[in-house]
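**Q** Note that the UniProt record's numbering has the sequence shown beginning at 1, numbered continuously upward. All residues carry an ideal CB built from backbone N, CA and C; glycine is no exception. Predicted, not measured: the structure shown is a model, and the values here were computed from it.
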Amino acid sequence: MEIIGELINTSRKLISEAVKKKDGQYIKDIAKLQQDSGATYIDVNCGTFMQTEVEAMEWLVDNVLQGCSVPLCIDSPNPLALNAGLKKTQKDKPMINSLKLEGGNVWKLNLDL
């Protein structure tokens, strides 16, 4: 059974504030807490940062990986943010949570995994 910790989501006020302030220790602590509570994947979602989602995803993934040792679940309908997050997790076996096919467009992930 896989258990996905979903606390690292910028729709949560404290996570959003931590990203804005670049409080990496808070993000690391939340990631570790979820791992210690039994999560086998840590979900990373920064979709509320639409204008800077790629940069926010890279920063979040870097900090989450420093805080825990379980693989990540990259959560975004934005293919650029997915690519950015997945490329940072190359040594792990990441999971993709969201991918939209809006308006008949098929998004392509450009990964070297």
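Short of 8 Å in beta carbon distance, which residues of its chain neighbour K32, apart from the five on each side in sequence? Order them along the chain.
**A** Counting only Cβ-Cβ distances below 8 Å, and skipping sequence neighbours, we find G67, C68.
**Q** Here's the rule I'm using: 16 or more other beta-carbon atoms within 10 Å means buried, otherwise exposed. How should Q90 be labelled?
**A** Flag for Q90 reads exposed.
**Q** Suppose you measure from the CA of S37 to the CA of T52; what does that come to, to the nearest Å?
**A** Going by the C-alpha atoms only, they are around 30 Å apart.
**Q** Who are the near neighbours of E17 in its chain, counting only those whose CB is closer than 6 Å to its CB and skipping five residues on each side?
**A** Counting only Cβ-Cβ distances below 6 Å, and skipping sequence neighbours, we find nothing.
**Q** How would you call S11, buried or exposed, if buried means at least 16 neighbouring beta carbons within 10 angstroms?
**A** With fewer than 16 other Cβ atoms within 10 Å, it is exposed.
**Q** Just mark N105 as buried or exposed, buried being the case when its beta carbon has 16 or more other beta carbons within 10 Å.
**A** Any answer about N105 is weak, because its pLDDT of 48 lies below 50 and its placement is not dependable; what the coordinates show is given next. By the 10 Å Cβ count, N105 comes out exposed.
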